[in-house]
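Notes to accompany the following structure.
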Amino acid sequence: MIENYITLKSSRSYGVSTMFFPKYIRDKISILYSFLRIVDNFVDQYPRRIEELYKAKEFILNGIEHHIGDIENRVFNKFNALMRETGIEHEWIEAFFRSMEYDIYKAEYTYRELLDYMYGSAEIVGMCISRILRLDDSVLPGARLLGRGMQMINFVRDIYEDKKINRIYLPKEHREMFGVSELCMDSKLERLIRFEIELAWGWIENGKRYFSEIPVPYRIPIKTATELYQWIGMRIYQNPRSIMNNKIRPGYFTAIVYNIKNRIFQ
Numbered sequence: 067m068i069e070n071y072i073t074l075k076s077s078r079s080y081g082v083s084t085m086f087f088p089k090y091i092r093d094k095i096s097i098l099y100s101f102l103r104i105v106d107n108f109v110d111q112y113p114r115r116i117e118e119l120y121k122a123k124e125f126i127l128n129g130i131e132h133h134i135g136d137i138e139n140r141v142f143n144k145f146n147a148l149m150r151e152t153g154i155e156h157e158w159i160e161a162f163f164r165s166m167e168y169d170i171y172k173a174e175y176t177y178r179e180l181l182d183y184m185y186g187s188a189e190i191v192g193m194c195i196s197r198i199l200r201l202d203d204s205v206l207p208g209a210r211l212l213g214r215g216m217q218m219i220n221f222v223r224d225i226y227e228d229k230k231i232n233r234i235y236l237p238k239e240h241r242e243m244f245g246v247s248e249l250c251m252d253s254k255l256e257r258l259i260r261f262e263i264e265l266a267w268g269w270i271e272n273g274k275r276y277f278s279e280i281p282v283p284y285r286i287p288i289k290t291a292t293e294l295y296q297w298i299g300m301r302i303y304q305n306p307r308s309i310m311n312n313k314i315r316p317g318y319f320t321a322i323v324y325n326i327k328n329r330i331f332q
């Protein structure tokens with residue numbers, strides 16, 4: 067299934083964690099991740115495919131089916147069907163496209179702007195997964211917090227990768243507070259990095275309070291994904307300069323160890 071390949075290729079933490087869901091759930095989550103990744107690539111890769119971004123927005127929000135058989139269109143068709151089947155709300159997907167549009171023209175964000183961006187680019191992912199799992203809507207605040215915290219850790223890890231495409235996701239107010247201007251690695255940026263990771267950890271810890279409302283078979287892979295992001299955050303927190311070298315991400319063995327631990331200590 068091409069969606070599983072796209073998911074594993076785009077995010078190891080998410081991709082490996084989805085392997086611990088039942089297959090019928092894993093396939094649906096892979097459709098979601100593949101849709102998000104394809105659209106995200108429209109604005110992340112050069113040359114940017116802005117016209118295709120707006121076409122995708124029209125097709126998805128209007129439920130129009132593609133009849134051209136390339137991989138992207140097949141994924142869009144499957145995602146349209148997934149929205150109808152699971153009740154993923156149009157407002158969430160509209161917010162996702164709005165965040166992707168920000169990436170076309172915004173180079174930096176205030177804290178309030180970043181929260182709006184993260185709602186559309188990360189928090190809605192958790193909400194969509196909640197619908198796929200048919201969880202009660204009472205868990206949606208927790209899903210949002212987990213998505214927000216995970217994305218902040220991504221922002222910190224990918225500072226220099228994002229800088230290459232003229233994007234800074236660390237909020238203006240936070241950079242000013244720590245006296246950071248050029249994102250050159252020094253003691254000021256190290257303190258800012260630790261501050262952002264602590265902020266992310268706070269969101270994640272609040273999100274974890276909702277785990278008790280999730281059935282155990284679904285809770286285990288969600289908890290595993292969460293702990294893998296906390297693992298990434300801890301590695302960076304201990305050595306902020308590590309982001310200058312290789313992209314920090316857990317290996318498959320680490321993911322399996324966390325999953326086994328979570329199965330034993332439910």
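Heads up, the sequence shown is in our numbering, so the first residue is 67 and it goes up one at a time.
C-beta atoms are modelled at their ideal positions from N, C-alpha and C, and glycine is treated no differently.
- Here residue 270 really is in contact with residue 292; their C-beta atoms are around 6 Å apart, less than 8 Å.
- Residue ranges of uninterrupted alpha helix (DSSP H) with 4 or more members, entirely inside the segment 142-220 and ordered along the chain, are 156-171, 177-184 and 190-198.
- With contact defined as three or more Cβ pairs closer than 8 Å, the segment 236-252 and the segment 203-214 are not in contact.
- Separation of residue 218 and residue 226 (C-alpha to C-alpha, rounded to the nearest whole angstrom) is 14 Å.
- Nearest Cα to residue 330 within the set 285, 300 and 317: 285.
- Residue 166 is classed as buried because its beta carbon has at least 16 other beta carbons within 10 Å across all chains shown.
- Note on residue 245: under 16 other CB atoms within 10 angstroms of its CB, so exposed under the neighbour-count rule.
- With a contact defined as Cβ atoms closer than 8 Å, residue 175 and residue 235 qualify at about 6 Å.
- Shown here, residue 231 sits in coil according to DSSP, grouped into three states, outside any helix or strand.
- For residue 304, the uninterrupted alpha helix (DSSP H) segment begins and ends at 282-304.
- Taking one beta carbon from each stretch, the segment 83-103 and the segment 134-146 have 3 or more pairs nearer than 8 Å; the two touch.
- In chain order, 142, 145, 146 and 159 place their CB closer than 7 Å to the CB of residue 126, counting only its own chain and leaving out the 5 sequence neighbours on each side.
- Shown here for residue 260: same chain residues with a beta carbon closer than 8 Å to its own, the five before and five after excluded, namely 303 and 306 in chain order.
- For residue 86, the secondary structure class from DSSP, reduced to helix, strand or coil, is coil.
- Rounded to the nearest angstrom, the gap between the Cα atoms of residue 237 and residue 263 is 13 Å.
- Annotated three-state conformation of residue 277 is helix, per DSSP.
- Following the DSSP letters along the chain, one finds residue 324 inside the alpha helix (DSSP H) bounded by residues 318-330.
- Residue environment: residue 228 is assigned as buried (16 or more neighbouring CB atoms within 10 Å of its CB, all protein chains considered).
- In the assembly as shown, residue 130 is an exposed residue. Its beta-carbon has fewer than 16 other beta-carbons within 10 Å.
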